[in-house]
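Peer 1: Pasting a structure here, questions to come.
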Amino acid sequence: MAVNDFLEDLIQTEIMDIVGSEDVSVNKVDRYAYSTDAFWVPRMWLDRLQRPCFPDFVVHPESAEEVSKVLKVANRFHLPVIPYGGGTGSQGGTVPLIGGIVLDLKKMNKIIKIDEKSLTVTAQTGINGQILEWELNRHGLTLAHYPASEYGATLGGYIAARGSGTLSTKYGKAEDMVMSLEVVLPQGDIIRSLPIPNHSCGPDVRQHFIGSEGTLGVITEATMRLDPIPEERRFRSYLFTDLATGLEAGRRIMTHRYRPCTMRLYDPPSTQKFIKRVLGLDVEGSFMVTGVDGPRALVDLEEAGIREICESLGGCDLGSQAGEVWWKQRYDFYFPPFAPDLPELFGTIESTTTYDKILSLYEMKKKVIEEGYKEWGATYTGHFSHWFPWGVMVYDRFFIKRPPQDAHEAMQLHNMIWADAARASMASGGVLNDHHGIGFKLGWLMPEQYGAAWQILAGMKKMLDPNGIMNPGKLGFSFHG
Amino acid sequence: MFLTDEEKKLTIEGCRFCPMCFHADTVAGITHRETYSPRGRALTLFALEHGVLKWEEPAVADVLYKSFTDGLPQEWCAGHYDHDELIIDSRHRLVEKGLAPEGVGRAASRILETGSPYDPGNGKEVFREAIASSTSDAELLVFAGCAGRSLYPASLRAMVKLLKAKKIPHRFLDPEPCCGMPLYQLGDFTHAAQQAKKVCQQIAEARVREVVCLDADCFRMLTMRFARFGAQLPEGLRVWHVSEWLNSMIVKEKWTFEKRPDQVTYHDPSSLARFTRLHEPPRAVLASLFSGKPLEIFGNGGKAFCCGDGGGMLLTNPEVAREAARRRFEQACHTGAAFLITASPTCAALLSEARAEARTEGPVVRDLIEIVSESV
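First to last, the protein sequences are chains V and Y. Number 412 in the numbering used here belongs to position 408 of the first sequence; there are no gaps in the numbering. Number 194 in the numbering used here belongs to position 10 of the second sequence; there are no gaps in the numbering.
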């Protein structure tokens, strides 16, 4: 919604009245900076000098009350509101597709309470992930959520996109860490979910907003479960002859109910490509890093049990060094020039399914990408890094070195690959996405993913946000409520 | 000037979509704005290069001057993109276009007229006393720097006291010109070069063998930037930062001090933390002064946070500089130390001000030379 000058002044006055003149911007420099996130499409769009998706206003509230008032103004003018945390998302979740208000929550960064007895923290959700972690570490505590985006992402982003960190196998995804939430509903009401996550008081209101990507309200405060910084954390790595054996080792470790804090199994192309480049190891097969942490006695026990399973399947123990190096450099993969970047066309098309289906899901997607897009020289790699008691996520990526130069053609090719990859995931018993979210990248496939169950989410959206102001075009919801 | 066109292009392309150092950018943390992060600045520069944004937009100068250029984002960056030189280069373009903020021109005028961007009246007496203590044929020259002369003259007074006590012949440049570091940081390369050459010429005329810089930024300028500005220091001249020089005296001349029992913490000035990598000498000096090992402040060595004056911030955006100092002082408070020592008069000035503003029982702030001088 590109507003005219008259309306812009009118709306700006009202928002300034709420947050102060310093905290509303309509200048082009700010609006340009908020026109993209980490998703390939808006990045490519800017790179190819196409007209960006400019917001009309960039607003920096400091409290839930201010957020509430801004949403009331937005409702009166039917103006889109896009909650914005760190802008690290890869699904286009914060791109202002039709303008409106970008609500940058980073000023809402206060830690309200650290409960060292119950091991919880309550904080405003605009707090930067790394800053929060540093503060918790000062108290001997950790959120234990280490996504690659930690340096830039916010607590609210973790929750709104159902994020996952490198130690999720033991500590869970962001959604598992949420105790309770404060949310500003689209029409301005401020609500709180129940104070604890486990109860017998009907369906869980908290869950309606976890993963809602700013489409159902603005998450303004969260109480999160914490862990003590473990006494010991150790890593080892193993090399398996092939992927299937590595997957079987992982399955046995998890179904024996060991609880590694991390377990990352790389497919043969990743083993060669990434492990050689980043770790300097020249190996073939499937490389696996495992990590265990906690009290020393428990670490000894789990490490021995995991090694026994790996060795029973012919896994070659590579010792601790490679794992330690991986841990130390775990985010390096995501910095330029090590991370994939333009002009290459790439995407992380990860999915999760149960152990009985994971290998066939991987093989099917590899085929869909490499055979379906052979003329573009598409390549496919994957690793398996978030393990559950019942299954595992494949973090798979496609790469096309020389995509079309024309921005429109490039976008069409990108979207076609994504649709094929996502449909392959769903056909194999997987889901559209494991932990990056949906955004507008995958939104259009949500009704297909949910089938008849989609009406529940669509109905909830209609009820909570009748004017359709909250982050339009994301998560599969339409542009008009 | 400091990056080639190709390096600039690669840096813009590397940073423009990368959010990985947001947490390390002090301005981003203070403003909470995407535009004022390394990603936001690089994206702005990309848009400027391609005509999507215009240099004349008022927000452009604000975005490019609100950056500490303190090397910390680069320290965290696995790709080590030189974000700071990219920003300084873009400031130079703003200066050339006459679009730099008012503070830049004001600082340049003051430096050219009075030899310092800070209040020229402040510290005049201390510098006069220093000159009076000079020996004309001394082989050691103390370069007080603008901050040592007129922002935090306590450092200069302490240095003179120490030199007198140890009977070390010394001299100063009179008048002492600004080394040009603030001008370089602010993108005024023409005047930075002019100042650098002036300093070189006066040092050559003084015929000294050693120069001791009280200020970390001056030390960086003399040792790492003079040559790039076409200013050649005399061959064989040894340039020290005062912390290195003190440590060498402790080791070679066997200076000893009665050790103090207080707990102490140390703030690494950005120029020592990342650009010249002088982490150990100041700590070694502290180890000879205090009985306990210094308590390390959160963010230390190469990962030390800027205390506020990086990038000439005090001259263009003093409120941002002061907020950075407040945050750094708060981090020092968490150590529980009785003293917060730093090794640059600019840092000492900002952190002292932060302590006064905080009105708490936080650590007492001292420049390293002050605490040494007190112990003599």
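Glycine included, every Cβ here is placed at the ideal spot set by N, Cα and C.
At least one CB of chain Y closer than 8 Å to the CB of THR92 (chain V): is that the case?
Peer 2: Closer than 8 Å to some Cβ of chain Y, the Cβ of THR92 (chain V) qualifies, so yes.
Peer 1: ALA231 (chain Y) touches chain V at which residues, Cβ-Cβ below 7 Å?
Peer 2: Here the neighbours are TYR36.
Peer 1: Please compile the residues from chain V whose C-beta is within a distance smaller than 7 Å of the C-beta of HIS234 (chain Y).
Peer 2: Neighbours of HIS234 (chain Y) on chain V, chain order: LEU53.
Peer 1: To the nearest angstrom, report how far apart LEU269 (chain V) and GLN325 (chain V) are at their CA atoms.
Peer 2: One C-alpha to the other measures close to 16 Å.
Peer 1: So for ARG461 (chain Y), helix, strand or coil by DSSP?
Peer 2: Coil.
Peer 1: Indicate whether at least one CB of chain V lies closer than 8 Å to the CB of ALA540 (chain Y).
Peer 2: No, ALA540 (chain Y) does not count as interfacial toward chain V.
Peer 1: At a CB distance below 7 Å, what residues from the stretch 42-69 of chain V approach chain Y? Give them in sequence order.
Peer 2: If the cut-off is 7 Å between Cβ atoms, the stretch 42-69 of chain V has ALA42, ARG47, LEU53 and HIS64 near chain Y.
Peer 1: Relative to the alpha-carbon of THR356 (chain V), which residue among V:GLN333, V:PHE388, V:THR92 and V:ILE373 has its alpha-carbon at the smallest distance?
Peer 2: For THR356 (chain V), the nearest C-alpha among the options comes from V:PHE388.
Peer 1: For PRO203 (chain Y) versus THR92 (chain V), is the C-beta spacing smaller than 8 Å?
Peer 2: For PRO203 (chain Y) and THR92 (chain V), yes; Cβs fall inside 8 Å.
Peer 1: Would you say LEU325 (chain Y) and ILE387 (chain Y) are within 8 Å of each other, going by their C-beta atoms?
Peer 2: It is a contact, given that the beta carbons lie within the stated cut-off.
Peer 1: Suppose contacts are defined by Cβ-Cβ distances below 8 Å. Is GLN134 (chain V) in contact with GLU154 (chain V) by that definition?
Peer 2: Yes, the pair counts as a contact, with Cβ atoms nearer than the cut-off.
Peer 1: Enumerate in chain order the residues of its own chain whose CB-to-CB distance from THR253 (chain Y) is below 7 Å, with the five nearest sequence positions on each side excluded.
Peer 2: These residues qualify, in order along the chain: ASP268, ILE271, ILE272, GLN369, GLY494 and GLY495.
Peer 1: With distances taken from CA atoms, which of V:ILE131, V:SER29 and V:GLY167 is nearest ILE214 (chain Y)?
Peer 2: With distances taken between Cα atoms, ILE214 (chain Y) lies closest to V:ILE131.
Peer 1: How is PRO232 (chain V) classed by DSSP in three states: helix, strand or coil?
Peer 2: Three-state DSSP puts PRO232 (chain V) in a strand.
Peer 1: Is the distance from the Cβ of SER427 (chain Y) to the Cβ of VAL469 (chain Y) below 8 Å?
Peer 2: Going by C-beta atoms, SER427 (chain Y) is nearer than 8 Å to VAL469 (chain Y).
Peer 1: To the nearest whole angstrom, what separates the beta carbons of THR259 (chain V) and LEU317 (chain V), a pair I think is in contact under 8 Å?
Peer 2: Wrong, their Cβ atoms sit about 14 Å apart, outside the cutoff.
Peer 1: Measuring straight from C-alpha to C-alpha, what distance separates ASP246 (chain V) and HIS149 (chain V)?
Peer 2: In a straight line, the C-alpha of ASP246 (chain V) is about 30 Å away from that of HIS149 (chain V).
Peer 1: Apart from the five residues just before and just after CYS402 (chain Y), which ones in its own chain have a Cβ nearer than 7 Å to its Cβ?
Peer 2: Excluding positions up to five away in sequence, the list reads PHE327, GLY329, CYS363 and MET365.
Peer 1: Name the residues in the stretch 192-204 of chain Y whose C-beta lies less than 9 Å from a C-beta of chain V; which are they?
Peer 2: So the list reads LEU194, GLU197, GLY198, CYS199, ARG200, PHE201, CYS202, PRO203 and MET204, given in the order they occur along the chain.
Peer 1: Using the Cβ count rule (16 or more neighbours within 10 Å means buried), how would you classify SER536 (chain Y)?
Peer 2: Classification of SER536 (chain Y): buried, given that the 10 Å Cβ count is 16 or more.
Peer 1: Can you tell me where the alpha helix (DSSP H) with GLU186 (chain V) in it begins and where it stops?
Peer 2: Looking at the DSSP string, GLU186 (chain V) is not in any alpha helix (DSSP H); the run it does join, the beta strand (DSSP E), is 182-188.
Peer 1: Measuring straight from C-alpha to C-alpha, what distance separates ALA42 (chain V) and PRO190 (chain V)?
Peer 2: In a straight line, the C-alpha of ALA42 (chain V) is about 25 Å away from that of PRO190 (chain V).
Peer 1: If you draw a straight line from the alpha carbon of GLU507 (chain Y) to that of TYR302 (chain Y), how long is it in whole angstroms?
Peer 2: Near 19 Å, if we compare the C-alpha coordinates of TYR302 (chain Y) and GLU507 (chain Y).
Peer 1: How would you list, in chain order, the residues of chain V whose beta-carbon sits under 7 Å from the beta-carbon of GLU514 (chain Y)?
Peer 2: The premise fails here: GLU514 (chain Y) is roughly 12 Å from chain V at the closest Cβ pair, so nothing lies under 7 Å.
Peer 1: Within 8 Å of any Cβ in chain V, is that where the Cβ of PHE206 (chain Y) sits?
Peer 2: Yes - at least one Cβ of chain V is within 8 Å of the one on PHE206 (chain Y).
Peer 1: Return the CA-CA distance between LEU357 (chain Y) and SER559 (chain Y), expressed in angstroms with no decimal places.
Peer 2: Looking at the two C-alpha atoms, the distance is approximately 27 Å.
Peer 1: Give me the Cβ distance between LEU230 (chain V) and MET474 (chain V), rounded to the nearest whole Å; I'm assuming they're in contact under 8 Å.
Peer 2: Not quite, the Cβ-Cβ distance comes to about 30 Å (not below 8 Å), so this is no contact.
Peer 1: For PRO84 (chain V), go through chain Y and note every residue whose CB falls closer than 8 Å to its CB, in chain order.
Peer 2: In chain order: nothing, as chain Y lies at least about 18 Å away.
Peer 1: The alpha helix (DSSP H) spanning GLN258 (chain Y) covers which residue range?
Peer 2: 256-260 is the span of the alpha helix (DSSP H), which, as asked, contains GLN258 (chain Y).
Peer 1: Take ASN419 (chain V) as the anchor and find which of V:GLY144, V:SER39, V:MET48 and V:LEU14 has the nearest alpha-carbon.
Peer 2: Taking only the C-alpha atoms, the option nearest ASN419 (chain V) is V:MET48.
Peer 1: Whole angstroms is fine: what's the gap from LEU346 (chain V)'s alpha carbon to GLN459 (chain V)'s?
Peer 2: Cα-Cα distance, rounded: 38 Å.
Peer 1: Could you tell me which whole alpha helix (DSSP H) segments of length 4 or greater appear in the stretch 469-507 of chain Y?
Peer 2: You should have 497-500.
Peer 1: Identify whether SER293 (chain Y) lies in helix, strand or coil by the three-state DSSP scheme.
Peer 2: Here SER293 (chain Y) sits in helix by DSSP.
Peer 1: Can you pull the chain Y residues whose beta carbon is under 8 Å from the beta carbon of ASN132 (chain V), in chain order?
Peer 2: The contacting residues are PHE206, HIS207 and GLY213.
Peer 1: My output table needs one value for SER567 (chain Y): the three-state DSSP class, helix, strand or coil.
Peer 2: The requested residue 567 (chain Y) is not part of the displayed model; chain Y covers only 185 to 560.
Peer 1: Taking GLN134 (chain V) as part of the alpha helix (DSSP H), name the residues at either end of that continuous run.
Peer 2: Where GLN134 (chain V) is concerned, the enclosing alpha helix (DSSP H) stretches over 133-142.
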